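Here the structure is laid out as structure tokens; the discussion comes afterwards.
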Amino acid sequence: MYQKALLGIVLFPLIGAIANGVFGRKAGRNVVHAVAVLSVACSFALALYAFGSLLHLRYGQGEEAASITYTAYEWFSLSLNHRTLSIPVRFVMDSLSGVMTLVVTGIGLLIHIYSTGYMSEEPSYARFFAYLNLFTASMLILILGSSLPVMFVGWEGVGVCSYLLIGFWYENPNYAAAGRKAFVANRIGDFGVILGMFLLATAANSLEFTDINELAHVRPTQFTSALALGPQGAPFWVIPSISLATAATLFLFLGCTGKSAQLPLYVWLPDAMAGPTPVSALIHAATMVTSGIYLVCRLSPVFALAPATMAVMAIIGAVTALMAASVGLVQNDIKKILAYSTVSQLGFMFAAVGCGAFAAGFMHVYTHAFFKACLFLGAGSVMHAVGAHGDADIRTLGGLRKYMPLTNVTFLVSCLAIAGVPLFSGFFSKDEILVGVLSSAGYFSFAPWLAPTVFGMLVLGATMTAFYMFRLYFLTFSGEFRGGPVHETHAPAAGAHGDHGDHEDERHDHDAAHDHDHGHAHHEPHESPPSMTIPLIVLGVGAVFAGYVWIGIVHFEPWVKWLEPSLGSIHAEHGHATPYIAMAFGLLAAVVGIGLAFQFYYKGSEVPAKLATQFGGLHRLLMDKWRVDELYDATVLAGSRGLARLCAAFDKYVVDGILTHVSSQAVASLSFLFTRFQTGLVHAYGAVMAVGLFFVAFHFVVPHADPAVVGDPTGLSVELAANQGLGYEYRWDFDADGRFDTEWSNDSKAEHAFSDADIVRFAVVFEGAGYGARPRTLVVAPKQEIKVSSGALTRIMTRGELSLDELGESWQRGEDAAAPLIKADEQGLLIKPRGARVRKAGAVQPADAEVRVSRGEHVSIGEARLSVSGYVKPRVQVRNAFGMERTESVGVVVPKVPPRITAEIAAVQGSK
Amino acid sequence: MTTEPSHLLSLLCGLPLLAALAVLFTPRQMAGFIRGFTVFVMVLTFVLSLRLLGADYGTAAMQFSERHVLVPAYGVTYSLGIDGMSLWLVLLTTFITPLATYASWTHIETKLKEYALSMLLLESAMLGAFFALDVLLFYVFWELMLVPMLLIIGIWGGVQRVYAAVKFFLFTMVGSLLMLVAILYLVQQFKEQTGHYSFELRELKLLLLPATTQLWLFSAFALAFAIKVPMFPVHTWLPDAHVQAPTGGSVILAAVMLKLGTYGFLRFAMPLFPSGSHRASSTLALLAVIGIIYGAYCAWVQPDVKKLVAYSSVSHLGFVMLGIYSLSSHGLRGSILQMVNHGISTGALFLLVGVIYERRHTRLLDDFGGLAKVMPNFTVIFVIVTMSSIGLPTTNGFVGEFMILAGAFMSETLGRHGPIACFFAATGVILAAIYMLHAVLKMFWGPLTNHENRDLPDLTRREHLVLAPLVALIFYIGLFPNPLLKPMSASVDRFSLEYLAKLRAGDQNPEARGMLQESFVPAGATAAVKVPDGALAVGGAR
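As they're listed, the protein sequences go chains A and B.
Under the working numbering, think of the first position of the first sequence as 12, with each following residue one higher.
Under the working numbering, think of the first position of the second sequence as 331, with each following residue one higher.
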């Protein structure tokens with residue numbers, strides 16, 4: 012029963028999406044949001060039910076690795092190592108996905124409710140909710156999918172919804188471009204996921220998470236063996252020798268950097284703030300962007316086997332955390348600060364999971380979902396209140412505490428949580444991350460500097476976080492209201508920090524309807540309607556207490572215990588003091604950060620302005636977000652665009668040019684040539700004819716016999732034939748002794764039986780090893796030697812020698828075997844095998860024997876075969892009607908020894 | 331195996347032909363009748379073709395086979411049949427043709443009768459090419475296809491239609507003629523070894539030729555098919571042909587005719603010349619991967635949306651070729667599925683481009699922008715088809731691409747080159763998103779600046795009717811690909827087993843290599859083929 016709930020969890024939002032997508036345009040607003048909210052509410056209820064069942068299985072029935080599985084049907088199948096690898100549409104809820112499902116459906120529900128207020132004036136109301144529902148469904152598929160491909164459905168699905176929602180106000184080209192940027196950055200990541208998936212599949216013969224993880228536990232060598240990629244024998248710097256686990260996890264991590272906005276692919280997330288604020292809260296803060304961490308946790312047993320990847324993750328996470336936090340310090344747009352804060356917090360999570368603190372990283376996913384969603388919704392509430400949509404400059408706000416008490420309180424607790432103030436949820440997760448990072452020193456034995464460095468960066472990042480969050484808070488809520496955003500003066504105000512093309516700042520009239528609806532910018536700010544404040548309150552409560560659900564005040568054992576069956580682990584040790592060191596630094600960070608912000612922005616100080624002028628270059632760099640976008644534009648984007656133009660031009664001028672123009676030119680020039688022969692001028696034809704006739708006549712005057720052997724001589728009797736011609740007469744000298752054996756005759760054919768005495772030379776037919784080799788005929792006279800040597804084959808062949816290579820791989824009998832000696836005498840060949848494996852009549856000959864190979868016999872040396880025949884070279888003299896004579900000769904092999912294949916075929920056919 | 335004689339295939343192939351004859355004798359004034367009758371016959375053909383699903387595809391044997399000897403002295407036969415490899419391509423043909431024809435009635439104003447005639451002839455020829463199991467018969471249908479398509483592009487096409495039509499015709503002819511030479515040589519070899527002529531595929535397949543000879547013959551076949559696919563670098567006829575062709579022609583060209591190239595590899599070139607094919611496999615896989623990336627890059631900067639879609643075909647068909655040369659079960663099945671998918675999604679894209687072209691008489695991306703405001707339904711369908719084209723999961727494109735990439739990655743024949751090929755092919759996934767979303771961005775998002783676009787009507791009922799089944803199929807195949815994949819399995823497995831077995835036979839018998847003068851008895855050849863589990867029953871049944 013509860014298995015089916017999993018299907019319901021996914022299907023309800025999907026049905027809601029389809030219903031609103033198809034019929035929403037005609038339905039009323041109430042129907043639209045009723046459908047949307049109810050579908051997610053049902054999903055949430057089912058999630059609670061399923062989670063309850065999971066708790067019951069775990070604690071009621073004592074199943075340690077409790078999970079709920081629902082298999083819908085077989086999607087498709089692959090075949091791997093000659094076995095069928097079925098890919099079913101299957102959903103699994105275990106301790107990890109259970110928590111995540113609750114977070115997504117719960118926060119999703121709140122944000123759906125919030126949106127009914129926030130988006131109430133939106134003309135495309137139904138479209139918005141259809142997208143939002145579709146996103147929820149995709150996210151749930153991502154979480155609940157039991158295998159990599161099913162997860163990938165959700166993974167790409169959330170990407171598309173993100174694309175559609177960022178570009179929700181598509182009429183603004185910048186918003187639409189931001190959507191595309193997000194999609195493409197995600198796709199670069201998806202490319203990594205696909206390859207990582209295949210690598211894991213080849214190792215585990217399965218794509219199910221449980222199978223892969225179990226194998227990683229049971230037979231880690233399956234993953235840690237070196238990867239055989241690339242051309243064989245390629246030097247290591249072409250294909251570095253890395254383990255399969257490292258390669259697979261690096262590819263997967265590439266996917267995570269795309270989805271979870273880490274370096275180098277994070278650039279889409281700040282731009283993604285172009286979407287409506289509830290979207291920023293749900294997708295670009297609480298849920299979708301954390302799916303990278305979720306994936307790492309999901310496959311944590313495999314990740315734990317790849318310390319190199321873990322190190323990369325930890326470093327990238329820490330650098331991202333620090334870099335994004337530094338940008339957050341100076342930004343003035345409320346959503347932009349929150350966006351960089353999200354990037355930074357995601358960096359914290361990756362630093363945590365990179366250091367093997369999977370439970371701590373995932374804990375931060377969970378607490379972050381509450382306080383960051385609350386912050387975004389609070390920001391939305393602020394913008395709603397002051398009539399800004401999409402962006403609000405905090406320098407124009409202030410004093411909102413008076414007007415919006417509820418928003419103020421919830422925003423404040425969330426700021427306290429994200430700053431890591433003790434007893435708020437963020438404190439616990441951040442603290443555990445710091446502990447986890449410090450404890451991982453033993454794991455990174457190859458880089459002892461890693462854990463302390465990451466720790467230091469994170470503490471610095473945490474300090475910055477506390478600072479910029481409270482800068483945001485104080486500037487927005489404390490002091491006096493500074494009048495709110497003024498649309499007329501907006502553009503110059505935005506340009507105050509230079510003219511470096513911050514195109515988001517130009518988006519002020521995305522929708523005529525919005526301008527109209529929020530044209531009350533100069534009115535006093537007001538608190539938002541209950542549909543918006545209630546979610547704020549719930550999330551604010553979560554931001555305070557979310558940590559306690561799992562935590563025995565100092566330690567977070569219950570959380571770890573709960574997740575243990577789902578997560579992998581590394582060997583991490585920490586001393587007794589470590590938690591206290593971490594906590595001390597965490598506290599210090601919070602106190603310093605908040606204190607500075609209080610000093611600068613609550614009390615009002617000249618220091619920030621002074622700092623900004625004193626470090627003008629750095630300040631501008633931070634304002635410009637380190638100019639990473641500009642860097643990408645100038646390098647990667649310009650490069651690939653240039654490549655695309657190059658390809659198109661190449662196609663037009665080179666490929667098509669060769670195929671059409673060159674070929675048609677070739678035909679044209681040939682036809683030009685041939686038309687010269689068709690001039691119609693009789694004297695030209697006559698001249699050509701005369702030349703032709705001359706050659707024909709010459710051919711007749713000079714006789715040519717071209718003697719050849721008729722058939723394959725089986726014995727010593729050979730039939731010879733010469734060319735026929737005008738009045739030809741022939742006489743033959745069969746034994747090539749200079750005296751003609753026949754008289755002149757008209758018969759072009761002759762037959763002669765050679766006697767043994769005639770045969771003074773031998774034809775040695777040599778068939779080398781391997782089937783590529785063509786048989787070779789060497790002509791030897793008595794006492795002549797056939798050398799067997801090593802060296803370049805072509806040179807050996809032209810000298811009429813044999814190559815050791817041609818004997819195949821196993822011609823040697825011993826270690827330092829000498830090449831055989833082959834010599835001809837009057838009877839045939841004499842072979843001294845020496846070190847070579849010489850077989851005659853099937854028997855291997857001793858090394859010092861003299862193996863005789865007479866005419867018609869054959870031996871094999873190694874894999875090659877030598878057969879001996881006689882060789883004669885009869886001559887023929889021909890005389891034509893004009894009395895001109897000419898002598899020609901032809902080499903004849905008698906008798907022709909059939910090649911070995913014929914012999915083998917005969918053997919095969921004989922055996923049947 | 332269907333043992334009782336069936337004439338279904340002849341009927342399917344003959345029905346449009348007869349209808350064409352009927353149209354020929356209809357006065358051209360009866361335009362309404364011609365329109366209705368043509369579509370009716372095509373729909374009837376589709377309905378009849380659904381009966382093909384009734385056969386048992388659990389075996390690899392040919393279904394609905396028909397065989398009549400046409401020229402006994404030269405072994406030319408009229409033999410037809412389908413199996414799991416051609417089933418869905420046949421259904422795709424009978425499904426897409428009426429849609430394309432129906433959609434083009436509003437656009438075709440002159441010489442309606444001739445247009446109907448061409449479409450009917452084209453359908454007949456395409457079906458014949460899919461059914462034919464005799465190389466000469468196949469060749470006849472293969473060439474017959476060219477004529478109506480030449481007319482469709484050359485008469486009802488755009489401004490440069492004659493150039494495009496001639497280019498299309500010459501490119502394909504060059505390849506086909508070489509193929510004809512190869513066919514004749516092959517049959518001559520067969521005669522030398524067995525003493526009688528035969529053009530029948532199942533007999534010719536038994537011939538084991540020396541590897542070098544195979545390579546030459548394979549190259550001739552492969553060139554003909556590669557031009558049709560089209561593979562890099564012989565693809566340049568395609569953008570011109572597509573841009574100039576009328577909507578109906580483009581749809582048929584993309585959806586069905588290109589598939590005959592890939593189908594030709596599967597049905598003829600590879601089974602006839604495994605050793606030759608094997609020697610060329612790395613090259614072809616490389617060209618396929620180049621095609622994927624190169625086609626995508628070219629598509630990205632095209633100013634004309636139809637040209638963009640045309641180049642995307644080069645990229646997509648690169649995936650299909652890569653899957654074929656992975657020679658793994660799922661790579662092959664993925665390829666065949668992807669042929670169908672490409673037919674559906676690219677067919678739909680051309681229909682959509684036709685819709686906007688009919689309204690605006692331009693296809694330049696710069697002329698559009700903000701269309702989502704005025705044509706919401708059009709936008710929704712375009713975006714869905716785009717998602718299918720870039721292989722988003724739950725749409726049909728994903729399953730095919732995924733199986734192909736997995737096939738290349740795990741391919742035994744490509745070996746260590748497999749993962750590398752997969753790596754580069756997978757970048758096509760990124761590029762596809764870039765160029766398709768570029769088109770979407772330019773056409774639909776942004777402000778509605780061009781005043782000519784302000785009053786564009788949304789999709790009409792006729793257009794909805796044409797596009798709806800395609801959208802439904804996009805999701806159906808994406809969610810439930812198994813009903814399509816299952817019937818392929820037996821044929822595909824037999825194909826790869828036979829291919830690999832024949833390859834091994836060539837390797838194990840050096841006498842079959844480099845020995846033209848040694849006659850080789852086919853009976854011995856098949857005896858030498860290792861039969862793993864009786865799957866080669868057809869190979870030995872003579």
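Note that CB positions come from ideal geometry on N, CA and C, so glycine has one too.
Being a predicted model, the structure only gives us computed values, none of them experimental.
Give the straight-line distance between the Cα atoms of residue i and residue j, rounded to the nearest whole angstrom.
i        : j        : result
HIS501/A : SER675/B : Here the model assigns HIS501/A a pLDDT of 39, short of 50, so the residue's position is not dependable, and the following value carries that caveat. Going by the C-alpha atoms only, they are around 45 Å apart.
LEU532/B : ARG597/B : Note on identity: in this sequence residue 532/B is Arg, with Leu being the wrong assignment. Using only the alpha carbons, I get a separation of about 11 Å.
VAL901/A : ASN757/A : 19 Å
ARG518/A : ASN419/A : Note on ARG518/A: pLDDT 39, under 50, position unreliable in the model; the coordinate value appears next. So the alpha carbons of these two residues sit roughly 27 Å apart.
ALA430/A : PHE556/A : 15 Å
GLY736/A : PHE705/A : 18 Å
ILE118/A : ALA52/A  : 10 Å
ALA571/B : PHE501/B : 11 Å
VAL702/A : ALA892/A : 23 Å
GLY691/A : SER680/A : 19 Å
GLU740/A : VAL721/A : 19 Å
ILE872/A : GLU778/A : 10 Å
PRO503/A : LYS346/A : Model confidence at PRO503/A stands at a pLDDT of 36, short of 50, so the residue's coordinates are unreliable; what they give is reported in the following sentence. Straight-line Cα distance between these residues: approximately 19 Å.
LEU761/B : LEU654/A : 12 Å
LEU451/B : THR709/B : 34 Å
ALA495/B : LEU481/B : 8 Å
LEU616/B : ASP717/A : 49 Å
Please check the pair residue i and residue j, which I expect to be a contact at CB under 8 Å, by giving their CB distance rounded to whole angstroms.
i        : j        : result
LEU840/A : VAL903/A : About 19 Å separates the two Cβ atoms, so there is no contact after all.
ARG690/B : MET818/B : Incorrect: roughly 41 Å between the Cβ atoms, too far for contact.
PRO633/B : LEU695/B : 6 Å
Looking only at C-alpha atoms, which of the options sits nearest to residue i?
i        : options                                : result
PHE87/A  : ALA736/B, ILE485/B, LEU694/B           : ALA736/B
ALA733/A : ALA315/A, MET394/A, THR898/A, ALA77/A  : THR898/A
GLY586/A : SER451/A, LYS383/A, MET895/A           : SER451/A
GLY391/A : ARG230/A, TYR129/A, GLU584/A           : TYR129/A
ALA317/A : SER456/A, LYS346/A, THR353/A           : SER456/A
ILE720/B : PHE194/A, GLY328/A, GLY437/A, LEU206/A : PHE194/A
ASN812/B : LEU442/B, TRP418/B, ALA756/B           : TRP418/B
LEU647/B : ILE686/B, VAL586/B, LEU701/B           : VAL586/B
ALA550/B : LEU583/B, ILE666/B, ARG693/B, VAL511/B : VAL511/B
LYS572/A : ARG631/A, GLY156/A, ILE253/A, SER106/A : SER106/A
GLY207/A : SER158/A, GLY35/A, GLY168/A            : SER158/A
Could you tell me whether the Cβ of residue i comes closer than 7 Å to any Cβ of chain D?
i        : result
ASP662/A : Annotation note: the requested chain D is absent from the structure, which comprises protein chains A and B.
_Contiguous beta strand (DSSP E) assignments of at least 3 residues, all confined to the stretch 44–127 of chain A_ = 79–91, 94–104
_Three or more C-beta pairs below 8 Å linking the stretch 368–379 of chain B and the stretch 336–355 of chain B_ = yes
*contact_flag[the stretch 395–403 of chain B, the stretch 371–384 of chain B] where n(CB pairs < 8 Å) is 3 or more*: no
*asked:* Between the stretch 357–364 of chain A and the stretch 318–328 of chain A, can you find at least three pairs of beta-carbon atoms closer than 8 Å?
replied: yes
*Should the stretch 18–31 of chain A be called in touch with the stretch 42–51 of chain A, which here means at least 3 C-beta pairs below 8 Å?*
yes
*Three CB pairs or more closer than 8 Å across the stretch 392–408 of chain A and the stretch 618–631 of chain A*: no
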